[in-house]
Amino acid sequence: MLNHQLVREIASQLEDYLQAASSLPTEPSAPIEDGAEGWFAPAPGSPSYGRTPWVNMSDVLVRPIGRTIVVSFSWRLEPSGQKATYVLPLEAPDFDAIGGSDKVITLLDFRLDEPDWQRNAHLMGDDLYVLVMSRQRQPGSGGFLPGDQRPLRSD
335 MLNHQLVREI
345 ASQLEDYLQA
355 ASSLPTEPSA
365 PIEDGAEGWF
375 APAPGSPSYG
385 RTPWVNMSDV
395 LVRPIGRTIV
405 VSFSWRLEPS
415 GQKATYVLPL
425 EAPDFDAIGG
435 SDKVITLLDF
445 RLDEPDWQRN
455 AHLMGDDLYV
465 LVMSRQRQPG
475 SGGFLPGDQR
485 PLRSD
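In C-alpha coordinates form, the structure reads like this:
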(Lines of atoms letter the chains of each structure in order from A and count residues from 1; the text may use other names and numbers.)
(Lines give C-alpha, C1' and ligand atoms only; values in the text may rest on other atoms or scores of the structure.)
Protein backbone atom coordinates (compact mmCIF):
# COMPACT_ATOMS: atom_id res chain seq x y z
CA MET A 1 0.00 0.00 0.00
CA LEU A 2 1.26 3.45 -0.88
CA ASN A 3 2.08 5.62 2.11
CA HIS A 4 1.59 9.36 2.37
CA GLN A 5 5.31 9.99 2.97
CA LEU A 6 6.17 8.39 -0.38
CA VAL A 7 3.53 10.52 -2.13
CA ARG A 8 5.04 13.65 -0.53
CA GLU A 9 8.53 12.65 -1.71
CA ILE A 10 7.33 11.96 -5.25
CA ALA A 11 5.44 15.29 -5.33
CA SER A 12 8.53 17.15 -4.13
CA GLN A 13 10.76 15.50 -6.76
CA LEU A 14 8.19 16.20 -9.46
CA GLU A 15 7.90 19.86 -8.48
CA ASP A 16 11.70 20.29 -8.49
CA TYR A 17 11.93 18.72 -11.94
CA LEU A 18 9.05 20.69 -13.49
CA GLN A 19 10.18 24.03 -12.06
CA ALA A 20 13.72 23.50 -13.38
CA ALA A 21 12.55 22.20 -16.78
CA SER A 22 10.01 25.00 -17.26
CA SER A 23 12.60 27.68 -16.48
CA LEU A 24 14.89 26.73 -19.38
CA PRO A 25 14.71 28.91 -22.50
CA THR A 26 13.21 27.59 -25.72
CA GLU A 27 15.79 26.66 -28.31
CA PRO A 28 15.77 29.18 -31.15
CA SER A 29 14.53 27.63 -34.37
CA ALA A 30 17.04 27.40 -37.16
CA PRO A 31 16.70 26.02 -40.66
CA ILE A 32 17.73 22.37 -40.93
CA GLU A 33 20.63 21.83 -43.28
CA ASP A 34 20.15 19.42 -46.17
CA GLY A 35 21.15 15.93 -45.13
CA ALA A 36 21.24 16.81 -41.41
CA GLU A 37 19.52 13.98 -39.60
CA GLY A 38 19.69 12.20 -36.28
CA TRP A 39 20.97 13.20 -32.89
CA PHE A 40 23.87 15.47 -32.14
CA ALA A 41 25.77 16.45 -29.02
CA PRO A 42 25.88 20.15 -28.18
CA ALA A 43 29.30 21.75 -28.04
CA PRO A 44 30.83 22.06 -24.57
CA GLY A 45 29.86 25.37 -22.97
CA SER A 46 26.87 25.89 -25.26
CA PRO A 47 23.69 27.18 -23.61
CA SER A 48 21.15 24.71 -22.25
CA TYR A 49 17.72 24.80 -23.83
CA GLY A 50 14.50 23.24 -22.67
CA ARG A 51 12.13 21.11 -24.67
CA THR A 52 8.41 20.76 -25.06
CA PRO A 53 6.15 20.42 -23.23
CA TRP A 54 8.12 21.78 -20.26
CA VAL A 55 9.16 25.11 -21.84
CA ASN A 56 5.48 25.92 -22.39
CA MET A 57 4.70 25.67 -18.67
CA SER A 58 5.06 28.38 -16.05
CA ASP A 59 3.99 28.97 -12.44
CA VAL A 60 4.34 25.25 -11.65
CA LEU A 61 3.22 23.99 -8.23
CA VAL A 62 2.90 20.36 -7.12
CA ARG A 63 1.18 19.33 -3.89
CA PRO A 64 0.37 15.97 -2.33
CA ILE A 65 -3.15 15.49 -1.01
CA GLY A 66 -3.51 12.07 0.57
CA ARG A 67 -2.70 9.54 -2.16
CA THR A 68 -3.17 12.14 -4.89
CA ILE A 69 -0.58 14.42 -6.47
CA VAL A 70 -2.00 17.72 -7.73
CA VAL A 71 -0.08 19.61 -10.42
CA SER A 72 -0.95 23.25 -11.13
CA PHE A 73 0.57 25.20 -14.02
CA SER A 74 -0.01 27.95 -16.57
CA TRP A 75 0.45 27.32 -20.29
CA ARG A 76 2.42 29.90 -22.27
CA LEU A 77 0.77 29.03 -25.60
CA GLU A 78 -2.87 29.72 -24.81
CA PRO A 79 -4.89 30.00 -28.04
CA SER A 80 -6.90 32.87 -26.56
CA GLY A 81 -3.79 34.81 -25.56
CA GLN A 82 -5.04 34.88 -21.96
CA LYS A 83 -3.18 33.19 -19.14
CA ALA A 84 -5.07 30.12 -17.93
CA THR A 85 -4.27 27.96 -14.92
CA TYR A 86 -4.64 24.19 -15.15
CA VAL A 87 -5.07 21.94 -12.12
CA LEU A 88 -4.34 18.27 -12.73
CA PRO A 89 -5.03 15.68 -10.01
CA LEU A 90 -3.10 12.42 -10.44
CA GLU A 91 -4.09 9.46 -8.31
CA ALA A 92 -1.01 7.64 -7.10
CA PRO A 93 -2.04 4.04 -6.30
CA ASP A 94 0.72 2.42 -8.35
CA PHE A 95 3.57 4.88 -7.78
CA ASP A 96 6.48 3.35 -5.96
CA ALA A 97 9.90 4.27 -4.62
CA ILE A 98 11.65 2.68 -7.62
CA GLY A 99 9.77 4.53 -10.38
CA GLY A 100 9.02 7.52 -8.17
CA SER A 101 8.46 10.78 -9.98
CA ASP A 102 9.74 9.30 -13.26
CA LYS A 103 6.38 7.61 -13.86
CA VAL A 104 4.55 10.90 -13.40
CA ILE A 105 7.04 12.83 -15.55
CA THR A 106 6.66 10.27 -18.35
CA LEU A 107 2.86 10.43 -18.15
CA LEU A 108 2.87 14.23 -18.28
CA ASP A 109 5.43 14.27 -21.10
CA PHE A 110 3.33 12.02 -23.33
CA ARG A 111 0.01 13.67 -22.52
CA LEU A 112 1.08 17.34 -22.71
CA ASP A 113 2.90 16.70 -26.00
CA GLU A 114 -0.41 15.72 -27.61
CA PRO A 115 -1.71 18.64 -29.71
CA ASP A 116 -5.23 18.37 -28.31
CA TRP A 117 -4.53 17.76 -24.60
CA GLN A 118 -6.68 20.76 -23.66
CA ARG A 119 -9.85 18.95 -24.81
CA ASN A 120 -9.74 17.20 -21.43
CA ALA A 121 -9.86 20.51 -19.54
CA HIS A 122 -13.06 21.47 -17.72
CA LEU A 123 -13.64 25.18 -17.09
CA MET A 124 -14.12 25.93 -13.38
CA GLY A 125 -13.91 29.74 -13.41
CA ASP A 126 -12.76 32.67 -15.52
CA ASP A 127 -9.31 31.23 -16.18
CA LEU A 128 -9.16 28.06 -14.05
CA TYR A 129 -9.44 24.61 -15.59
CA VAL A 130 -9.39 21.12 -14.10
CA LEU A 131 -7.53 18.77 -16.41
CA VAL A 132 -8.51 15.08 -16.45
CA MET A 133 -6.03 12.57 -17.84
CA SER A 134 -6.29 8.81 -17.96
CA ARG A 135 -3.24 6.63 -17.44
CA GLN A 136 -4.83 3.80 -19.44
CA ARG A 137 -3.48 2.94 -22.86
CA GLN A 138 -5.87 2.40 -25.70
CA PRO A 139 -5.78 -1.29 -26.72
CA GLY A 140 -3.81 -1.91 -29.91
CA SER A 141 -2.20 1.53 -30.10
CA GLY A 142 0.47 3.58 -28.46
CA GLY A 143 -2.04 6.27 -27.48
CA PHE A 144 -3.89 6.90 -24.28
CA LEU A 145 -7.63 6.90 -23.84
CA PRO A 146 -9.14 10.35 -23.42
CA GLY A 147 -9.82 11.46 -19.88
CA ASP A 148 -12.99 10.46 -18.08
CA GLN A 149 -15.71 12.74 -19.46
CA ARG A 150 -18.31 12.13 -16.74
CA PRO A 151 -19.81 15.33 -15.34
CA LEU A 152 -18.48 16.63 -12.06
CA ARG A 153 -20.48 15.71 -8.98
CA SER A 154 -23.51 17.89 -8.46
CA ASP A 155 -24.30 16.95 -4.87
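Heads up: the sequence shown is residues 335 to 489, going by this note's numbering. No residue lacks a Cβ here, since even glycine has one placed at the ideal position from N, Cα and C.
Taken atom to atom, the span from the alpha-carbon of P449 to that of I344 is near 27 Å.
P362 and N337 have their alpha carbons spaced roughly 43 Å apart. For S406, same chain residues with a beta-carbon under 6 Å away, outside a window of 5 residues either side, are L395, V421 in chain order. V404 and Q339 have their C-alpha atoms roughly 15 Å apart. In the DSSP assignment, A355 falls outside any beta strand (DSSP E) and lies within the alpha helix (DSSP H) extending over 338–356. In this structure, the CA atom of L411 is about 6 Å from the CA atom of N390. A straight-line Cα-Cα distance of about 20 Å links L352 and A455.
Cβ neighbours of A418 within its own chain (closer than 7 Å, five residues either side excluded): S408, W409, E412, D461, Y463. In this structure, L348 lies near I439, with their beta-carbon atoms less than 8 Å apart. Residue V341 holds the alpha-carbon nearest to the alpha-carbon of T402 among D436, R453, V341, V466. DSSP places G379 outside both helix and strand once states are collapsed to three, so it counts as coil. The residues R445, in chain order, have a CB closer than 7 Å to that of W451 in the same chain once the five nearest residues on each side in sequence are set aside. Its chain contains R401, T402 as the residues whose beta carbon lies nearer than 7 Å to that of E425, once the 5 sequence neighbours on both sides are disregarded; these appear in chain order. When I399, L457, R453 are compared, the shortest CA-CA separation from M467 is found for R453.
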